[in-house]
Structure formats: structure tokens, C-alpha cells
Amino acid sequence: MRAARLHSFGPPSVLRVEEVAWPFPVRDEVLIRVHASSVNGTDLRLRAGGLGFLAAGQLPLTPGFDVAGEVAGCGPEVTAFRPGERVYALLGHGGGGAAEYVTARQSRVALAPATLPLTHAAAVPLAGLTALQALRGVGRLRAGERVLVYGAAGGIGAFAVALARLFGAHVTGVARAAKLDYVRSLGAHEVVATGELNLSGGERWDLILDTPPALPFTRAREALTPSGRLVSTKPVPLHPAEMWASLSQTGPRFTGVRTAERGLDLALLSRLIDAGELRVPLDRTFPLEDIRAAHEYAEGPEVRGKVVVTMVGE
Ligand SMILES: NC(=O)c1ccc[n+]([C@@H]2O[C@H](COP(=O)([O-])OP(=O)(O)OC[C@H]3O[C@@H](n4cnc5c(N)ncnc54)[C@H](OP(=O)(O)O)[C@@H]3O)[C@@H](O)[C@H]2O)c1
């Protein structure tokens, strides 16, 4: 089968499309014939060598944490899925989604939204689950709260703006100036250009979601309510102020999100999408052969929302 592979880390030109061995489903694994996979910020960091310790020793490896496709086979312990069903999944740390076939444990799989082409569904898992778990999980967002989404035109950011609005929050989206109309179109009540964000101007938010992540806690703290939360896509605190604020029981808190590959949460996203309450922020698709161009586009200045790589035309 064909798969994109990295034999070394570096610019998009290190990506190659090659013939590799087929995966085989064992135990509770579902074999998925992949129609599409998406390019997440995590793929860009992985390819560039920025996830050093996670990727160490795994070369050559296939990027891609999201897949949408059809069940092609099941391990003997699979009870929840049958061959032919349309599914999507968030793969674990090994990735492997930019390939014609992949296996995933059934707990990481859900039925794909019935109302969406699989190309669109592939844009959902990592970004959608991270936004959901950051807001409703660690961020404990409640209706009526004020939320600021930093990096609002990125994959996680676009889902977070839409979900926070859906959950009844007042949403401020921060992105580069050229993308502010896009962020408004996602549902943000207010938008601010990244370079013009003033966190010490007296305005306060209950939850700040730092998606790039690029906001120091010492800066965000000034703009948080006394019970406010800075939720970062950095899974653990790295600075003393963040560590203290992650332990403290009083005052603004720091907390990191570590995305869980939970099929049940994906099923919730499917329901919201099929009910017409959540739109998928898909920007462009590229065939697998053009995965280098997909990465170049995804890390360029124009991208808005998600970039998807297709294995099968629809
Ligand atoms: N902890 C976890 O479990 C977990 C899970 C998923 C992802 N992540 C991490 O989350 C990050 C974002 O992922 P993603 O898929 O949303 O990436 P993405 O689609 O590439 O979006 C990142 C966004 O951040 C903005 N940005 C980048 N650098 C910035 C800076 N210095 N200041 C302000 N804005 C900046 C960019 O906006 P502009 O174009 O407007 O500049 C871009 O829209 C990645 O680092 C990823 O590894 C962590």
C-alpha cells in the first residue's frame, strides 16, 4: 500500500510517498481503508523534528493522526464496528494516518458524521477533540462565560471558536489581521488582531485557550477573572509561574490539555455535526502524492482552519 513517510526530520521536502507493508488488525483493532487524513499542527512539528522525544527511534514513520474511511476488517475482540461502516478516528502517538490503510483500537474510533463527506470528517479528530476537551474538560467552560481563543484561525482554534459559541460563551477570537473576517465567520462575537491584543487593558476573560501555544501565564494572568483558567495545548506547565498556578487553589489557574483519543467524544462531535450545530472548518484538500505541498500550505500564512490529504477521490 502507499503511505507518506519520514526518514528524517526537516522541511516538507523530507516527506516521501512509498510502498509499505499492510497493517493487520489484532485484538481490539479496526482496520480502516483510509479516504483522508488531515495535517495538524502536531504533524508539522513532528516533521520538523519538534517532537524529538516522542518521535525518537520511530523513523521511518508515517505522519497523520486523523483518519476517516471505511472499516475494512476487524480484530477478534472488536464488538462495536463492522466492515463497510464509515468511521473516523484519532490515532495515538505513532500517527500513521497518511496511508491507504491503518489500524486503530476500537475505543479510538467512532462512526463518521453521516452528513459529511469523509474528506471533511478527516479534518475533525485531533483539532475537534482538543478544542472540546480543552473547553468542556479541563477548562470547565460554563454558558455565559467569556472565552478568548488565541490562534483562532488554526485547526484547534477554529473548532474552539465554534464550540465555545455553541456552549453559550461570549467568544473573542485572536488571529493575524488578515484572518479576522474568517474568525468572525466561525462565530466569534469579537475579534482582535494578534499584534493588537492588550491583555493588561482591564478586560477580563473566564477562560483563555492558548492554542499555538504562545501566551506566557504571567501575561495571560492579568486578563483572567479571579476564577479564570488559562488552558494551554502545552500539556504540562514548563515555567515556575505556570507550575504554581496549576497547583494553587485560589486565583487564576494554569492548566494544560492532553488530548485523549476517545471515540465517545468523537461520537459527540458527530452528533453536533449531523444536527447542523457544528461546521467543519476545512480549507483545502491535497492528494497524498502532494503531501509536501499540503504541509507547505498548512504552515504558510494563508491557511484558515484545516488542510486534508486524500487517499481516495470522492
Ligand atoms: N497537548 C496536546 O495534547 C495537543 C493536542 C493537539 C495539538 N497540540 C498542539 O497545539 C498546537 C496547535 O495545533 P493546531 O493543529 O491548531 O495548529 P495550526 O492549525 O497550525 O494552528 C496554529 C495557529 O496558531 C497561530 N500561531 C502560531 N504561532 C503563533 C504565535 N507565535 N502567536 C500567535 N499565534 C500563533 C497561527 O495563527 P496565524 O496564522 O493567525 O498566525 C495558527 O493559526 C500545536 O503546537 C500542536 O502540537 C497539542
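So the sequence shown is numbered by our numbering: it starts at 235 and just counts up by one.
Glycine included, every Cβ here is placed at the ideal spot set by N, Cα and C.
Predicted model only: the values in this text are computed from it and were never measured.
DSSP-derived helix/strand/coil call for residue i
| i | result |
| --- | --- |
| G330 | coil |
| K468 | coil |
| W478 | helix |
| T428 | helix |
| F393 | helix |
| F488 | strand |
| E304 | strand |
| G318 | coil |
| S461 | strand |
| S419 | helix |
| H241 | coil |
| R399 | helix |
| L265 | strand |
| T337 | strand |
| E523 | helix |
| H404 | strand |
| E456 | helix |
| V251 | strand |
| V260 | coil |
| V273 | strand |
| R342 | helix |
Given residue i as reference, the closest of the options once Cα atoms are compared
| i | options | result |
| --- | --- | --- |
| A528 | G244, L249, M235 | L249 |
| T544 | R370, P515, L464, S271 | S271 |
| L295 | R236, S480, V546 | R236 |
| G307 | P257, G331, G329 | P257 |
| L414 | A427, G329, T276, V251 | A427 |
| A255 | E334, V312, L400 | E334 |
| G534 | E319, L441, P246 | P246 |
| A377 | M477, K468, A403 | A403 |
| P347 | E511, A532, P521 | E511 |
| L240 | I507, T313, G329, G275 | G329 |
| G435 | L458, R418, P446, L449 | L458 |
| E476 | F451, A494, T493, P351 | F451 |
| L472 | L449, T484, R418 | L449 |
| E495 | T406, P359, K468, A387 | P359 |
| G421 | G275, R513, T276 | R513 |
| T519 | A361, T406, L293, L352 | L352 |
| A398 | A411, K468, A365, A387 | A365 |
| V273 | A361, R410, V395 | A361 |
Span separating the alpha-carbon of residue i from that of residue j
| i | j | result |
| --- | --- | --- |
| E456 | L433 | 6 angstroms |
| S461 | G389 | 27 angstroms |
| D499 | V541 | 22 angstroms |
| H269 | P474 | 44 angstroms |
| E437 | V408 | 14 angstroms |
| E304 | D440 | 41 angstroms |
| Y531 | H354 | 17 angstroms |
| H423 | E252 | 46 angstroms |
| E430 | R505 | 37 angstroms |
| P486 | L502 | 29 angstroms |
| R526 | S482 | 44 angstroms |
| A357 | S341 | 19 angstroms |
| V405 | V546 | 37 angstroms |
| D524 | S480 | 42 angstroms |
Neighbourhood of residue i by C-beta distance below 6 angstroms, restricted to the same chain and skipping five residues each side
| i | result |
| --- | --- |
| D444 | Y384, S466 |
| T337 | P257, P259, E263, L265 |
| G539 | A392, P515, D517 |
| I442 | L382, A454, L464 |
| R261 | G309, E311 |
| E319 | V305 |
| D508 | P347, A348, T349 |
Same chain, Cβ closer than 7 angstroms to residue i, five either side skipped, listed in chain order
| i | result |
| --- | --- |
| V343 | V264, F315, V321, A323, G497 |
| V372 | V465, T489, V491 |
| G331 | V268, S271, G298, F299, D300, V301, L325 |
| L375 | L369, V381, A398, F401, A403, L441 |
Contact set for residue i: own chain, Cβ-Cβ below 8 angstroms, skip 5 residues either direction
| i | result |
| --- | --- |
| G283 | F243, G244, A289 |
| L285 | T276, R279 |
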